[in-house]
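Q:
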Amino acid sequence: MSKYHKIVLTIILSCFIIVHSSFAYDNLVTFGDSLTDSGNNRLLKPEYYNSENYSGGAYSNGKIWAEYLAGKLGINHTYLIANYFINMDWNPPEGKVWYNSAFGGAETGSGSLPPGLLTQVGTWVKAGIKIPHNSLCIIWIGGNNFLNWITDHSLTQDDSTEVTDNAVADIIQALSVITDTETGLAATDVLIINLPNLGKTPANNGYFGNEDTEYGTLVSSLFNNKLTNAFNAFQASHPSVKMFLVDAYLFLEKAVENPQEFGFNNTVKPALFETKPEHGFDNMDKYLFWDGVHPTTEAHEAIASQIYGKILFENANNDVIFVESHSNDTIGLEYTSQNFRFVSMSSDDYTCPNETKKPAFIYGLFDFTITLENNDTFAEFTVYLPSAAPSNAKWYKATSEGWVDFSQESMNDPNNDGAVFSEDRKKVTIHITDNGPYDDDNAIGVIRDPSGLGSDESGADLDSNESDTDSESSLGCFIQTLFQ
């Protein structure tokens, strides 16, 4: 593949049409700590929860990642496991349910208050309940095992090794019970989330006067490396279980390094102590962190989209950024440079100079604006599609002469400008030369590419194209990215 360069990518997505995803889960089951607790602590021990600083039972200013993910999966009921602790009666609502077993403050072991991971899983076993059919089971835990260690500088490298070994062993023990079909919970689909870099959180980045970045990074990296190895070994020995591993560490690293890529203005300070007195729970200034360790609801939404994208695009690289429409369709975007950055989004409609026979876009119109750096002369990026492109579909590009088939084969361009489908037609790689014939922006160093996947078989304007998704076109050609 060619050598790629730094770019700043602005993505304008419009006129999105709903397309159902190729997978579906009827239920969501979560185990974890305060990153996932949506009300268990508040219900079981109200004194553990500060409703002045946090919203709706969660440890954030609004919804958490699991609630956003449940929405994407069409799951509209919630069962808090604290109800079982209180009533000793397993009585979830009917329909598609998010079963939340996470408690704020939980560690990976068998703690009772708050219930640790092994206790959370053991409660299902004690109740004699299996994971419901066609469920996605997610574990995200570990931070509380280490937060006290990070601030205690007397502990040695050997201490950190012991702590991380024990935490990973607990998670694998829980995973064994969760997937055991006879005496366990019989889960068939499991997703594990690793730890973000605890050293980059306000609790450890110096905001509160303590500079513990080194300690936080050390223990997070150590834990994640061991968790990955254990995950891979477990996956190899359990081929019948579908397993995913989501890299929260990389997400936070990218968000801190390039906050605009994710729609954040501040990734260092906590909104709770900076803006809440004036704005309440509104994150008007787009903070990544709500308090010392917990994300804002906007960050939770971004995390949910990364998880959803990981499931939808199983083979996608970690550098893929996922964007979504109001109809919750998810598209993956990848630029092969590590410096790929999402900057902003516009809802402005795009009008092609020649609108005759406008293609019927399958996923809507993508309007990419790419700012090159270091005297770069071209940009190349890849679009991941929710499902394989139909055999008769093409990648259409707006030009001064109208909409054209932008495949490299059709273009036959000396600079290799054009679009190339992968063999399975689930990805499209686009190459455009700065100020070339297919650059819609005349400025040097800026490339604009209004294009999209479509079909011209109807020979009709998009607005008059009949489709069972026409009701979604009332979105006014507006697309929302997961990082807005």
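Each residue of the sequence shown is one higher than the one before, starting from 963 at the first, in my numbering.
All residues carry an ideal CB built from backbone N, CA and C; glycine is no exception.
#1: Any idea what DSSP makes of Phe1108, helix, strand or coil?
#2: Check whether the stretch 1318-1330 touches the stretch 1404-1417, counting contact only when three or more Cβ pairs, one atom from each stretch, lie closer than 8 Å.
#3: Could you have a look at Glu1263 and say whether DSSP puts it in helix, strand or coil?
#4: If you draw a straight line from the C-alpha of Asn1062 to the C-alpha of Asp1403, how long is it?
#5: Counting beta carbon pairs with one atom in the stretch 1210-1222 and one in the stretch 1151-1169, are three or more of them shorter than 8 Å?
#6: Given Thr1361, which residues of its chain have a CB within under 7 Å of its CB, disregarding the five upstream and five downstream residues?
#7: According to the Cβ coordinates, are Leu1005 and Ala1068 closer than 8 Å?
#8: Please state whether DSSP places Pro1352 in a helix, a strand or coil.
#9: Which partner residues does Asn1062 have in the DSSP bridge list?
#10: Run the CB neighbour count on Lys1272, radius 10 Å, all protein chains shown included, and call it buried at 16 or more, exposed below.
#11: Within 10 Å of its beta-carbon, does Leu1180 have 16 or more other beta-carbons around it, so buried, or fewer, so exposed?
#12: What is the DSSP secondary structure of Thr1344, counted as helix, strand or coil?
#13: Spatial neighbours of Tyr1325 within its chain, please: C-beta separation below 6 Å, excluding the five flanking residues on both sides.
#14: Does the pairing of the stretch 1276-1285 with the stretch 1052-1062 give three or more beta-carbon distances under 8 Å?
#15: If you run the structure through DSSP and keep just helix, strand and coil, what is Arg1387?
#16: Going by beta carbon distance, what residues of the same chain come within less than 6 Å of Asp988, once the five residues before and after it are set aside?
#17: Please list the segments of the beta strand (DSSP E) lying wholly inside the stretch 1208-1248, counting only runs of 3 or more residues, in order along the chain.
#18: Please name the residue, chosen from Ala986, Ile1265, Phe1235, Ser1199, that lies closest to Ala1210 on a Cα-to-Cα basis.
#19: Which runs of the alpha helix (DSSP H) spanning at least 4 residues fall entirely within the stretch 997-1058, listed in chain order?
#20: Are the beta-carbon atoms belonging to Leu1079 and Ile1134 less than 8 Å from one another?
#21: To the nearest angstrom, report how far apart Val1083 and Ile1140 are at their CA atoms.
#22: Check Trp1086 in the structure and name its three-state DSSP category.
#23: So, for Val1382: in the same chain, excluding its five sequence neighbours on each side, which residues have a beta-carbon less than 6 Å away from its beta-carbon?
#24: Could you pull out every residue in the same chain whose Cβ sits closer than 6 Å to the Cβ of Ala1149, ignoring the five residues on either side in sequence?
#25: What residue does the beta strand (DSSP E) around Phe1328 start on, and which one ends it?
#26: For Phe1368 and Leu1274, what's the separation of their Cα atoms in angstroms?
#27: Return the CA-CA distance between Glu1263 and Trp1027, expressed in angstroms with no decimal places.
#28: Using alpha carbons as the reference points, say which of Asp1338, Asn1015, Asp1151, Thr1070 lies closest to Met1205.
#29: Please classify Asp1244 as buried or exposed, where buried requires at least 16 neighbouring CB atoms within 10 angstroms.
#30: From this set, Gly1066, Ser1199, Ala986, Phe1047, which residue's C-alpha is nearest Gly1019's C-alpha?
#31: Does the separation of the CB atoms of Lys1188 and Asp1120 fall below 8 Å?
#32: Taking Asn1316 as the reference, which of Val1345, Glu1276, Tyr1346, Glu1363 has the closest Cα?
#33: Note down, in chain order, each residue of its chain lying with its Cβ closer than 8 Å to the Cβ of Gly1073, except the 5 sequence neighbours on either side.
#34: Rank Ala1198, Leu1347, Gln1222, Ile1406 by C-alpha distance to the C-alpha of Phe1323 and give the top, closest one.
#35: Taking all protein chains shown into account, decide if Ser1267 is buried (16 or more other Cβ within 10 angstroms of its Cβ) or exposed.
A: Looking at the coordinates:
#1: Counting from one through the sequence shown, the residue named residue 1108 turns up at place 146. In this structure, Phe1108 counts as helix in the three-state DSSP scheme.
#2: yes
#3: Position 301 of the sequence shown, counting from 1, holds the residue named residue 1263. It is helical.
#4: For the purposes of this step, residue 1062 is taken as residue 100 along the sequence shown, with counting starting at 1. For the purposes of this step, residue 1403 is taken as residue 441 along the sequence shown, with counting starting at 1. Approximately 49 Å, taken between the alpha carbons.
#5: yes
#6: For the purposes of this step, residue 1361 is identified with residue 399 of the sequence shown, where counting begins at 1. Tyr1400, listed in sequence order.
#7: Sequence index remark: in the sequence shown, residue 1005 carries index 43 (1-based). Sequence index remark: in the sequence shown, residue 1068 carries index 106 (1-based). Taking 8 Å as the Cβ cut-off, Leu1005 and Ala1068 do not qualify as a contacting pair.
#8: Mapped onto the sequence shown, residue 1352 falls at position 390. Correct three-state label for Pro1352: coil.
#9: For the purposes of this step, residue 1062 is taken as the residue at position 100 of the sequence shown. In the DSSP output, where bridge partners are listed per residue, Asn1062 has Thr992, Leu1042.
#10: Walking along the sequence shown from the start, residue 1272 turns up at place 310. Counting the other CB atoms within 10 Å of its CB gives Lys1272 a total of 16 or more, which places it among the buried residues.
#11: Start at 1 with the first residue of the sequence shown, and residue 1180 comes out as number 218. It is buried - the Cβ of Leu1180 has at least 16 other Cβ atoms within 10 Å.
#12: The residue you call residue 1344 lines up with position 382 of the sequence shown. Assignment of Thr1344 by DSSP, reduced to helix, strand and coil, places it in the strand class.
#13: Numbered from 1 along the sequence shown, position 363 holds the residue referred to as residue 1325. Result list for Tyr1325: Leu1415, in chain order.
#14: no
#15: Walking along the sequence shown from the start, residue 1387 turns up at place 425. Annotated three-state conformation of Arg1387 is coil, per DSSP.
#16: If you number the sequence shown from 1, residue 988 lands on position 26. If we look at Asp988 and ignore the five residues flanking it on each side, its Cβ neighbours are Lys1058, Asn1096.
#17: With a minimum length of 3 residues, the continuous beta strand (DSSP E) runs that stay inside the stretch 1208-1248 are 1228-1232.
#18: Mapped onto the sequence shown, residue 1210 falls at position 248. The option with the nearest alpha carbon to Ala1210 is Ile1265.
#19: 1002-1006, 1027-1034, 1044-1049
#20: Locating residue 1079 in the sequence shown gives position 117, counting from the first residue. Locating residue 1134 in the sequence shown gives position 172, counting from the first residue. Contact flag unset, no.
#21: As a first step, residue 1083 is located in the sequence shown; it is residue number 121 there, counting from the start. As a first step, residue 1140 is located in the sequence shown; it is residue number 178 there, counting from the start. One C-alpha to the other measures close to 7 Å.
#22: As a first step, residue 1086 must be located in the sequence shown, where it is residue number 124. Trp1086: helix per DSSP, three-state reduction.
#23: The residue given as residue 1382 occupies position 420 in the sequence shown. The answer, listed in chain order, is Gln1370, Thr1391.
#24: Within the sequence shown, numbered from 1, the residue matching residue 1149 stands at position 187. Result list for Ala1149: Ile1093, Cys1099, Ile1140, Thr1141, in chain order.
#25: If you number the sequence shown from 1, residue 1328 lands on position 366. Following the DSSP letters along the chain, one finds Phe1328 inside the beta strand (DSSP E) bounded by residues 1327-1334.
#26: Within the sequence shown, residue 1368 is the residue found at index 406, counting from 1. Within the sequence shown, residue 1274 is the residue found at index 312, counting from 1. The straight-line gap from Cα to Cα measures roughly 26 Å.
#27: As a first step, residue 1263 must be located in the sequence shown, where it is residue number 301. As a first step, residue 1027 must be located in the sequence shown, where it is residue number 65. Cα to Cα, Glu1263 sits roughly 5 Å from Trp1027.
#28: On the sequence shown, position 243 is the one that residue 1205 refers to. Nearest of Asp1338, Asn1015, Asp1151, Thr1070 to Met1205, Cα basis: Asp1151.
#29: To locate residue 1244, count along the sequence shown from 1; it is residue 282. So Asp1244 counts as exposed.
#30: For this step, residue 1019 is matched to residue 57 along the sequence shown. Checking every option, the nearest Cα to that of Gly1019 belongs to Gly1066.
#31: Translated into positions along the sequence shown, residue 1188 becomes position 226. Translated into positions along the sequence shown, residue 1120 becomes position 158. No, these two residues do not count as a Cβ contact at 8 Å.
#32: The residue you call residue 1316 lines up with position 354 of the sequence shown. Ranking Val1345, Glu1276, Tyr1346, Glu1363 by Cα distance to Asn1316 puts Glu1363 first.
#33: Counting from 1 along the sequence shown, the entry for residue 1073 is found at position 111. Cβ within range, chain order: Thr1081.
#34: As a first step, residue 1323 must be located in the sequence shown, where it is residue number 361. When each option's Cα is compared against that of Phe1323, the closest is Leu1347.
#35: Reading the sequence shown from its first residue, position 305 is the one you call residue 1267. So Ser1267 counts as buried.
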